[in-house]
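Q: This is the structure I have questions about; it appears just below.
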Amino acid sequence: MTGMTSSARPLLNRRLAEFGTTIFAEMSALALRTGSVNLGQGFPDTDGPEEVREAAVKALRDGRGNQYPPGPGVPELRTAIAAHQRRRYGLTLDPDTEVLVTAGATEAIAASLLALLEPGDEVVALEPYYDSYAACIALAGATRVPVTLRPREGRFHLDLDKLRDAVTDRTRLLLINTPHNPTGTVLTREELSVIAALAVERDLLVVTDEVYEHLVHDDAEHVPLSTFPGMRDRTVTLSSAGKTFSFTGWKVGWVTGTPELVTAVRSAKQYLTYVSAGPFQYAVAEALALPDTYFDAFRADMLAKRDLLAAGLTEAGFAVYRPAGTYFVTADIRPLGETDGIAFCRALPERAGVVAIPNAVFYDHREAGAPFVRFAFCKRTEVLADAAERLRNAFAR
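Under the working numbering, the first residue of the sequence shown carries the number 672, and numbering increases by one thereafter.
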């Protein structure tokens, strides 16, 4: 076309116009520039089990997965995922038709939403939410309808009446995350039962993000939504290896559901990465078969780290919401005389030598998340102790 200038039409797809550089990139760069302790992005600072890492090395050396693996994932991993779901939750899955391996849970989210949504559909999601949810809903041309988790009595609560009110004739899908990032809430059996009944009553699809399924604390219990009556045929369940085995860079995730649902998601996924992480898939298959002692020790270690960081934040003057799941602590900055979490987090590296993430970036209603900040405790004990000391020195009166 002639006469067209670069300013005549924006280069970025209008559906992504509201999304800039992620807050994680900004805060990680700030951590590097200031030499701060980075409790922002949720990745461990140590590797996972040595036997799992060696399984990846062996797969590389044996030439397994060095070329394109099968599109749905290597059979060994799909079989291991099905066995894990059966052993943990009593779910019976056909590894050939009801399991799909993805490039981490993030691709699983994208493929599921792109496959299942049409332009104009509404998606009800729990707010605050993982930032890729909003972007993927937008890419699908759908509309997100947030239902806000509200803080009360030391935890963030889902108002089930507001969830029901959010569903309209245009609602296609519920997007549920439990254990919930960033608040650490773990939905109870009673809450999940109401969500399931609502999905059945209104004939809704459900995508449930369960990547923190093995990170539940105290008396909390993770119960997959697909185990509830009427949910097997309408639920796409997502999880991944990164959070459970501390190999976040491998990007091995998965989708489970009925053959019809998995086929739909695979139809979109095949045009995203097609396949990924070949040798690592064999290693994750071995990881999923680790004995219960691994998972018990993993939870115990994270529980101790949660309590260490929560105590340090409390002593520094924050109001702390002790999470029932995940490896994030949400803290309220208002007792420190602050109200703007974004400004607070941008200034925190210079003030205290610590990096956190402002929860407001996970909200459509940013004012609801304005006073909250998120700290990751999936770090070495000495790193958490150092961060707690820095925060106490900066803020404790």
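C-beta: ideal position from N, C-alpha, C; glycine also.
P790: buried (16+ other C-beta within 10 angstroms of its C-beta) or exposed?
A: Burial call: exposed.
Q: Look at the Cβ atom of G983, then the Cβ atom of L886, and state whether they are nearer than 8 Å.
A: Not closer than 8 Å, so no.
Q: Output the distance between the C-alpha atoms of P681 and A809, rounded to the nearest integer angstrom.
A: Each residue's Cα considered, the two are about 17 Å apart.
Q: I need the DSSP call for F1004, collapsed to helix, strand or coil.
A: One detail in the question is off: residue 1004 reads as Ile in this sequence, not Phe. Coil, per DSSP.
Q: Please list the segments of the beta strand (DSSP E) lying wholly inside the region 977 to 1048, counting only runs of 3 or more residues, in order along the chain.
A: Within the region 977 to 1048, the complete beta strand (DSSP E) runs of at least 3 residues are 990 to 992, 999 to 1003 and 1043 to 1047.
Q: Classify N852 as buried or exposed, calling it buried when 16 or more other Cβ atoms lie within 10 Å of its own Cβ.
A: Label assigned to N852: buried.
Q: Using the C-alpha atoms, what's the distance from A891 back to A912?
A: So the alpha carbons of these two residues sit roughly 21 Å apart.
Q: In its own chain, which residues sit with a C-beta less than 6 Å from the C-beta of E1009, not counting the 5 before and 5 after it?
A: Here the set comprises F1015.
Q: Tell me the rounded alpha-carbon separation between M672 and G691.
A: Unreliable placement is indicated for M672, whose pLDDT of 43 sits below 50; no coordinate value is reported for it.
Q: Using a Cβ-Cβ cut-off of 6 Å (strictly less than) and excluding sequence neighbours within five positions of A948, which residues of its own chain qualify?
A: Counting only Cβ-Cβ distances below 6 Å, and skipping sequence neighbours, we find W921, K922 and V923.
Q: With respect to the alpha helix (DSSP H) encompassing H755, which residues constitute its N-terminal and C-terminal limits?
A: Here the alpha helix (DSSP H) through H755 covers P746 to Y760.
Q: Looking at the secondary structure, which residues open and close the alpha helix (DSSP H) in which A806 lies?
A: Taken as a continuous stretch (DSSP letters only), the alpha helix (DSSP H) holding A806 covers D802 to L810.
Q: Kindly indicate which three-state DSSP category M672 falls into: helix, strand or coil?
A: Note that M672 scores a pLDDT of 43, beneath 50, so its modelled location is shaky and nothing firm can be said.
Q: I need the straight-line Cα distance from E1060 to P1020, nearest angstrom please.
A: Rounded to whole angstroms, E1060 to P1020 spans 14 Å at the Cα level.
Q: With L687 and A806 assumed to form a contact (beta carbons below 8 Å), what rounded beta-carbon distance in angstroms separates them?
A: Contact flag correct, Cβ pair sits at about 7 Å.
Q: Excluding sequence positions up to five away, which residues of its chain have a Cβ less than 7 Å from the Cβ of G674?
A: Only weak support is given to the placement of G674: the predicted model assigns it a pLDDT of 48, under 50, and the question is left unresolved by the model.
Q: Is the beta carbon of R873 less than 8 Å from the beta carbon of V838?
A: Their beta carbons are under 8 Å apart, which means R873 touches V838 by this criterion.
Q: Within 10 angstroms of its Cβ, does P817 collect 16 or more other Cβ (buried), or is it exposed?
A: It is buried - the Cβ of P817 has at least 16 other Cβ atoms within 10 Å.
Q: Classify A796 as helix, strand or coil using the three-state DSSP reduction.
A: Looking at A796 - three-state DSSP - the assignment turns out to be strand.
Q: In whole angstroms, give me the CA-to-CA distance for T676 and Y953.
A: Per-residue confidence for T676 stands at a pLDDT of 47, beneath the threshold of 50, marking its modelled position as unreliable; no derived number is given.
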